[in-house]
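S.K.:
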Amino acid sequence: MSESRGWTRREALGILGMGVAAASLPEFASAAPAPTFPKGAVIRTILKDYAPDELAGGATLFHEHMSWHDDFMTRWTEHAIETRRENALPGAPPPGGAAQGAGRQGGAAPPPPPTTPSGKYFMNDLDYMVEELKIAKSEGISCIVDGGHADMGRDINFLRQMSQQSGLPIVAGGGFYSQPFYPKEVATMTEEQIYQALLKQVETDPIGAFGEIGSWDYITKDERKVFRAVGRASVTTNLPIFTHTGIPGKSALEQLDLFEDVGVDPKRVVIGHLGNLVDPNVEIHRAVCRRGAFIGFDRQGGQGDVQQVPLVMKLIEAGYADNLMFASDLSAINQTKKGGGPGYARTLTVFVPKLKAAGASDEVLRQIMQDNPRRFLAFVPKKPRKA
Ligand SMILES: [Zn+2]
């Protein structure tokens with residue numbers, strides 16, 4: 311099947327209620343009531359704190375990647391293959407076969423990462439990335455969250471330069487990723503020590519969310535410890551949390567349990583990668599929504615979308631549009647524009663049109679792309695921002 315290139319820029323801006331000429335305006339008229347935010351709430355980007363209304367002019371992508379170590383995906387894929395092998399039942403189809411096409415969901419090991427024209431890994435090539443983000447901005451993206459942190463090799467100064475040069479606000483994530491990627495000291499640290507380490511991350515860098523915080527497969531003892539510490543750090547700082555669940559959507563409810571056990575309001579949480587859980591009855595999806603959390607359909611904008619469209623439509627029809635969060639978890643150069651792919655805006659330019667074709671209204675799609683991520687990201691800081 312050939313990849314749909316999705317909408318033109320004009321069509322993508324149309325779903326956001328923006329004329330092409332009005333794309334740079336901070337606000338636009340809309341029939342739906344604007345979301346309200348607590349007094350003093352901000353969206354914390356690397357360069358500055360925004361009032362949530364200032365980012366109402368376009369879509370916000372709550373889970374993407376612009377910076378991690380150049381061997382990160384190689385390690386990720388090796389662990390994924392190993393995990394699938396361990397979980398495989400005799401006679402079962404290859405675990406990757408259920409959800410290929412949308413980002414890193416395929417079962418086969420990828421070829422060595424191709425480089426940019428200047429010979430660099432794309433996430434190390436500032437000029438390349440700035441150009442990609444400028445394109446995303448022109449296609450209707452007003453803010454983008456990077457889901458990396460130190461243990462993934464995220465370089466916050468690189469993100470800062472990217473934001474300065476592209477003009478696109480970037481929210482930096484914080485935390486620890488998942489068992490195979492933890493720094494080795496996590497195994498011996500207490501929950502309290504991890505909690506303190508998380509507060510230090512927030513003090514050191516302008517973190518705007520904890521994420522992505524993962525359970526790699528079935529949740530481990532160390533991961534439970536990290537989840538509780540992240541939950542406590544979220545309660546202390548008011549920062550929101552977005553998660554990574556193992557394939558397909560494993561331990562989703564336990565992740566939410568762990569956060570709620572330490573006092574986190576589920577409204578501050580996105581349980582991620584639930585698009586990977588292709589269940590026509592959307593049982594776990596609905597269970598998470600009923601508890602008030604967001605669910606991430608966050609590897610969208612590719613051929614795998616065909617499986618997620620009916621799930622999303624079912625959840626919209628069930629009244630859970632307020633709980634849906636979309637993104638693409640971009641991870642490979644062939645997903646970028648100059649790498650021949652649909653680019654960072656692909657959630658908006660490729661996935662959203664498929665939902666519209668399936669009957670979702672412009673208004674509900676605008677709310678999901680524009681209002682839900684701002685409601686999620688907006689928080690009232692307990693301490694003034696340092697830099
Ligand atoms: Zn991710």
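Just so we're aligned: the sequence shown equals residues 311 to 697 in our numbering. No residue lacks a Cβ here, since even glycine has one placed at the ideal position from N, Cα and C.
Whole angstroms is fine: what's the gap from asparagine 682's alpha carbon to glycine 518's?
M.R.: Here residue 682 corresponds to residue number 372 of the sequence shown, with the count starting at 1. Here residue 518 corresponds to residue number 208 of the sequence shown, with the count starting at 1. So the alpha carbons of these two residues sit roughly 16 angstroms apart.
S.K.: Could you name the residues, in chain order, whose CB is less than 5 angstroms away from a heavy atom belonging to ligand 1?
M.R.: Gly457, Glu522, Asp639
S.K.: Pick out the complete alpha helix (DSSP H) segments inside the region 454-492, 4 residues or longer, and give them in chain order.
M.R.: Every alpha helix (DSSP H) stretch that sits fully inside the region 454-492 and reaches 4 residues is listed by chain position as 466-476.
S.K.: In angstroms, rounded to a whole number, what distance separates the CA positions of valine 588 and glutamine 617?
M.R.: Looking up residue 588 in the sequence shown gives position 278. Looking up residue 617 in the sequence shown gives position 307. The alpha-carbon atoms of valine 588 and glutamine 617 are separated by roughly 7 angstroms.
S.K.: Any idea which residues DSSP pairs glutamate 374 with across the strands?
M.R.: Reading the sequence shown from its first residue, position 64 is the one you call residue 374. In the DSSP output, where bridge partners are listed per residue, glutamate 374 has Asp456.
S.K.: Is it buried or exposed for valine 352, if we count other Cβ within 10 angstroms and need 16 for buried?
M.R.: Within the sequence shown, numbered from 1, the residue matching residue 352 stands at position 42. When all chains shown are included, valine 352 counts as buried.
S.K.: Check for me: the alpha helix (DSSP H) holding methionine 635 runs from which residue to which?
M.R.: Here the question's residue 635 lines up with position 325 in the sequence shown. No alpha helix (DSSP H) contains methionine 635, which is instead part of the beta strand (DSSP E) from 634-636.
S.K.: Comparing C-alpha positions only, which one of Gln471, Gly450, Leu665 sits nearest to methionine 439?
M.R.: For the purposes of this step, residue 439 is identified with residue 129 of the sequence shown, where counting begins at 1. The shortest Cα separation from methionine 439 among Gln471, Gly450, Leu665 belongs to Gln471.
S.K.: Which same chain residues, not among the five before or five after leucine 335, have their C-beta less than 7 angstroms away from its C-beta?
M.R.: The count along the sequence shown starts at 1 and reaches residue 335 at position 25. Note that leucine 335 scores a pLDDT of 39, beneath 50, so its modelled location is shaky; the value from the coordinates is reported in the next line. The answer, listed in chain order, is Gly367.
S.K.: Is phenylalanine 382 near ligand 3, with its Cβ less than 8 angstroms from a heavy atom?
M.R.: Although ligand 3 was asked about, the structure shown includes only ligand 1 as ligands.
S.K.: Near glycine 651, what residues of its chain come up, given a Cβ to Cβ distance below 6 angstroms and the 5 sequence neighbours on each side ignored?
M.R.: Here residue 651 is taken as the residue at index 341 of the sequence shown, counted from 1. For glycine 651, where only same-chain residues beyond five positions count, the Cβ hits under 6 angstroms are Asn644, Gln645.
S.K.: Around the Cβ of valine 536, are there at least 16 other Cβ atoms within 10 angstroms (buried) or fewer (exposed)?
M.R.: Translated into positions along the sequence shown, residue 536 becomes position 226. It is buried - the Cβ of valine 536 has at least 16 other Cβ atoms within 10 Å.
S.K.: On the DSSP bridge list, what partners appear for histidine 389?
M.R.: Taking the sequence shown and counting its residues from 1, the one referred to as residue 389 is at position 79. DSSP, once it has assigned bridges, lists no residue as partnering histidine 389.
S.K.: For alanine 492 and glycine 450, what's the separation of their Cα atoms in angstroms?
M.R.: Mapped onto the sequence shown, residue 492 falls at position 182. Mapped onto the sequence shown, residue 450 falls at position 140. It should be pointed out that residue 492 corresponds to tyrosine in this sequence rather than to alanine. The straight-line gap from Cα to Cα measures roughly 35 angstroms.
S.K.: Could you say which of Lys666, Thr546, Gly573 lies nearest to methionine 623 if we only look at CA atoms?
M.R.: Here residue 623 is taken as the residue at index 313 of the sequence shown, counted from 1. Nearest C-alpha to methionine 623: Lys666.
S.K.: Whole angstroms are fine: how far does the CA of threonine 500 sit from the CA of glycine 649?
M.R.: For the purposes of this step, residue 649 is taken as the residue at position 339 of the sequence shown. For the purposes of this step, residue 500 is taken as the residue at position 190 of the sequence shown. If I take the Cα positions, the gap works out to 43 angstroms.
S.K.: Is the region 527-545 touching the region 567-576, taking contact as three or more C-beta pairs under 8 angstroms?
M.R.: Taking one beta carbon from each stretch, the region 527-545 and the region 567-576 have 3 or more pairs nearer than 8 angstroms; the two touch.
S.K.: Under a Cβ-count criterion, where at least 16 other Cβ atoms within 10 Å of its own Cβ denotes burial, should glutamate 522 be classed as buried or exposed?
M.R.: Taking the sequence shown and counting its residues from 1, one reaches residue 522 at position 212. Flag for glutamate 522 reads buried.
S.K.: How about glycine 458 and glycine 483: are their beta carbons less than 9 angstroms apart?
M.R.: In the sequence shown, residue 458 corresponds to position 148, counting from 1. In the sequence shown, residue 483 corresponds to position 173, counting from 1. Cβ atoms of glycine 458 and glycine 483: closer than 9 angstroms.
S.K.: Find the nearest neighbour of proline 694 within the set Phe382, Leu371, Glu513, Cys453, judged by alpha-carbon distance.
M.R.: Mapped onto the sequence shown, residue 694 falls at position 384. That would be Glu513, whose Cα lies nearest to the Cα of proline 694.
S.K.: Please name the residue in Ile466, Phe382, Arg395, Ala369 whose C-alpha comes closest to that of tyrosine 487.
M.R.: The sequence position of residue 487 within the sequence shown is 177, counting from 1. Nearest C-alpha to tyrosine 487: Phe382.
S.K.: Would the beta-carbon of threonine 355 fall within 9 angstroms of that of proline 479?
M.R.: For the purposes of this step, residue 355 is taken as the residue at position 45 of the sequence shown. For the purposes of this step, residue 479 is taken as the residue at position 169 of the sequence shown. Cβ atoms of threonine 355 and proline 479: closer than 9 angstroms.
S.K.: Once the 5 residues before and after isoleucine 678 are set aside, which same chain residues still bring their CB inside 7 angstroms of it?
M.R.: As a working mapping, residue 678 is identified with position 368 in the sequence shown. These residues qualify, in order along the chain: Ala631, Leu634, Phe636.
S.K.: Report buried or exposed for threonine 498, applying the criterion of at least 16 other Cβ atoms within 10 angstroms of its Cβ.
M.R.: Start at 1 with the first residue of the sequence shown, and residue 498 comes out as number 188. Threonine 498 comes out exposed.
S.K.: For the alpha helix (DSSP H) containing phenylalanine 569, list its first residue and its last residue.
M.R.: Taking the sequence shown and counting its residues from 1, the one referred to as residue 569 is at position 259. Unbroken alpha helix (DSSP H) run through phenylalanine 569: 562-571.
S.K.: Return the first residue and the last residue of the alpha helix (DSSP H) that isoleucine 605 is part of.
M.R.: The residue you call residue 605 lines up with position 295 of the sequence shown. Isoleucine 605 -> not in any alpha helix (DSSP H); beta strand (DSSP E) instead, spanning 604-607.
S.K.: Taking Cβ positions only, does tyrosine 492 come closer than 9 angstroms to chain D?
M.R.: Annotation note: the requested chain D is absent from the structure, which comprises a single protein chain.
S.K.: Using only alpha-carbon positions, find the residue among Ser448, Leu469, Asn397, Glu442 that is nearest to tryptophan 378.
M.R.: The residue given as residue 378 occupies position 68 in the sequence shown. Closest by alpha carbon: Leu469.
S.K.: Going by CA-CA distance only, name the one from Arg534, Phe552, Gln506 that's closest to phenylalanine 520.
M.R.: Here residue 520 refers to the residue found at position 210 of the sequence shown. When Arg534, Phe552, Gln506 are compared, the shortest CA-CA separation from phenylalanine 520 is found for Phe552.
S.K.: Please list, in chain order, all residues of the same chain as proline 345 whose beta carbon is under 7 angstroms from its beta carbon, the five residues on each side excluded.
M.R.: By 1-based counting over the sequence shown, the position of residue 345 is 35. Result list for proline 345: Asp681, Arg684, Arg685, in chain order.
S.K.: What residues in its chain sit with their C-beta under 6 angstroms from that of tryptophan 526, if we drop five residues either side in the sequence?
M.R.: Indexing the sequence shown from 1 puts residue 526 at position 216. The beta carbon of tryptophan 526 is closer than 6 angstroms to those of Ser488, Gln489, Pro490, Gly556 in its chain, skipping five residues each way along the sequence.
S.K.: Check whether the Cβ atoms of valine 455 and asparagine 548 sit closer than 9 angstroms, and answer yes or no.
M.R.: Sequence index remark: in the sequence shown, residue 455 carries index 145 (1-based). Sequence index remark: in the sequence shown, residue 548 carries index 238 (1-based). It is not a contact, given that the beta carbons lie outside the stated cut-off.
S.K.: Compute the Euclidean distance between the alpha carbons of threonine 387 and alanine 642, then round it to the nearest angstrom.
M.R.: Within the sequence shown, numbered from 1, the residue matching residue 387 stands at position 77. Within the sequence shown, numbered from 1, the residue matching residue 642 stands at position 332. In a straight line, the C-alpha of threonine 387 is about 12 angstroms away from that of alanine 642.
S.K.: Which residue marks the beginning of the alpha helix (DSSP H) containing glutamate 522, and which one marks its end?
M.R.: Along the sequence shown, read from residue 1 onward, the residue named residue 522 stands at position 212. No alpha helix (DSSP H) contains glutamate 522, which is instead part of the beta strand (DSSP E) from 517-524.
S.K.: Output needed for histidine 389: all residues of its chain with C-beta closer than 6 angstroms, excluding positions within five of it in sequence on either side, in chain order.
M.R.: The sequence position of residue 389 within the sequence shown is 79, counting from 1. Here histidine 389 has Pro490 as same chain residues with Cβ atoms under 6 angstroms from its own Cβ, once five neighbours each way along the sequence are excluded.
S.K.: Give the single residue among Arg578, Pro663, Asp359, Leu640 whose Cα lies nearest to the Cα of lysine 696.
M.R.: For this step, residue 696 is matched to residue 386 along the sequence shown. Among Arg578, Pro663, Asp359, Leu640, the Cα nearest to that of lysine 696 belongs to Asp359.
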